[in-house]
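Heads up: the sequence shown begins at 224 in our numbering, then just goes up one per residue. Everything below concerns the one structure shown next.
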Amino acid sequence: MLEKLFTEFALWHESIKEEAKLDAELFSQALSKDPIELYGQLQDVEKIVLRSADRVSKAEELLSKISYGYSVNYEDMKPTEMKVKLASDVAEFKLCHDRMENIASAVSKRIMAAESLLKWHQPTMMRGIS
């Protein structure tokens, strides 16, 4: 069971690695002070919302399955030992999950920041129209 899950995890991780890296690189760019550019940046970030949420969901699913697969082998351990051993055994998978969760969180924060800046620019933009 675990061998199949390790393979599934490895294939999934390989399939999303480049995409996740590109999504994370988007945050190395400062938000523009120009409202038009800022709007474009907001659209770029909004495109990765669903992808990042899907990656977090898949990482959670695999982490849960792998945790269960390991925990079956710990029946003779005390609860504290089991908890420590399980945390150690799934650390690599947890790290991947946490990274995917961090990207998703950063996406949400970036959208909020961009929307706040756009709202701040709104009076200026309206004056330019009239």
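Where is the CB? At the ideal position from N, CA and C, for every residue including glycine.
Sort Y262, L273 and Y291 by Cα distance to M323 and report the nearest one.
Here the question's residue 323 lines up with position 100 in the sequence shown. Closest by alpha carbon: L273.
Look at the Cβ atom of R333, then the Cβ atom of V279, and state whether they are nearer than 7 Å.
On the sequence shown, position 110 is the one that residue 333 refers to. On the sequence shown, position 56 is the one that residue 279 refers to. It is not a contact, given that the beta carbons lie outside the stated cut-off.
Where L234 sits in the DSSP three-state scheme:
Along the sequence shown, one-based indexing puts residue 234 at 11. Note: L234 maps to helix in three-state DSSP.
Please list the terminal residues of the continuous alpha helix (DSSP H) segment that includes Y291.
Translated into positions along the sequence shown, residue 291 becomes position 68. First-last of the alpha helix (DSSP H) with Y291: V272 to S294.
Spatial neighbours of A327 in its chain, beta-carbon cut-off 7 Å, leaving aside the 5 residues before and after:
By 1-based counting over the sequence shown, the position of residue 327 is 104. Correct list, in chain order: S275, A276 and V279.
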